[in-house]
Amino acid sequence: MAAGAREECAVCLQDFVAEEKLRMMPCSHTFHQRCIFDWLRLGCICPLCRRAPPTQQEDDKLGCPELGATG
Numbered sequence: 001m002a003a004g005a006r007e008e009c010a011v012c013l014q015d016f017v018a019e020e021k022l023r024m025m026p027c028s029h030t031f032h033q034r035c036i037f038d039w040l041r042l043g044c045i046c047p048l049c050r051r052a053p054p055t056q057q058e059d060d061k062l063g064c065p066e067l068g069a070t071g
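1 is the number of the first residue of the sequence shown in UniProt numbering; add one for each residue after it.
1. Applying the criterion that 16 or more other CB atoms from any shown protein chain within 10 Å of the CB defines a buried residue, is arginine 23 buried or exposed?
2. Could you round the C-beta distance between cysteine 12 and histidine 32 to whole angstroms and report it? I think they count as a contact, below 8 Å.
3. What does a CB cutoff of less than 7 Å around tryptophan 39 pick up in its chain, not counting 5 residues either side in sequence?
4. So, is residue 75 buried or exposed, given that buried needs 16 or more other C-beta atoms within 10 angstroms?
5. If I follow the unbroken alpha helix (DSSP H) through leucine 42, where does it start and stop?
Here you go:
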């Protein structure tokens with residue numbers, strides 16, 4: 001992670017630990033995979049910036065990848 005980057009999940013407020021599965025939203029906020037998947041089942045917005053991820057049509061048009069895995 002970059003210096004000064006958030007090192008805890010904003011959903012569960014637990015620190016990221018090496019080898020955990022993380023997911024990065026299109027807005028570049030990162031969360032534990034299990035946390036963001038649970039969050040997105042309730043509402044399709046980033047818990048930090050409230051930005052909605054692009055629709056599938058927008059992804060296809062822009063060539064954006066799906067939620068990316070990190071870690």
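Where is the CB? At the ideal position from N, CA and C, for every residue including glycine.
To lay it out plainly:
1. Counting from 1 along the sequence shown, the entry for residue 23 is found at position 23. Buried is the call here.
2. The residue you call residue 12 lines up with position 12 of the sequence shown. The residue you call residue 32 lines up with position 32 of the sequence shown. For cysteine 12 against histidine 32, the beta-carbon gap comes to about 6 Å, under 8 Å, which counts as contact.
3. Walking along the sequence shown from the start, residue 39 turns up at place 39. Contacts found: Val11 and Pro47.
4. What is shown of the chain runs 1 to 71, which leaves residue 75 out entirely.
5. Residue numbering aside, residue 42 sits at position 42 when the sequence shown is read from its first letter. Residues 33 to 42.
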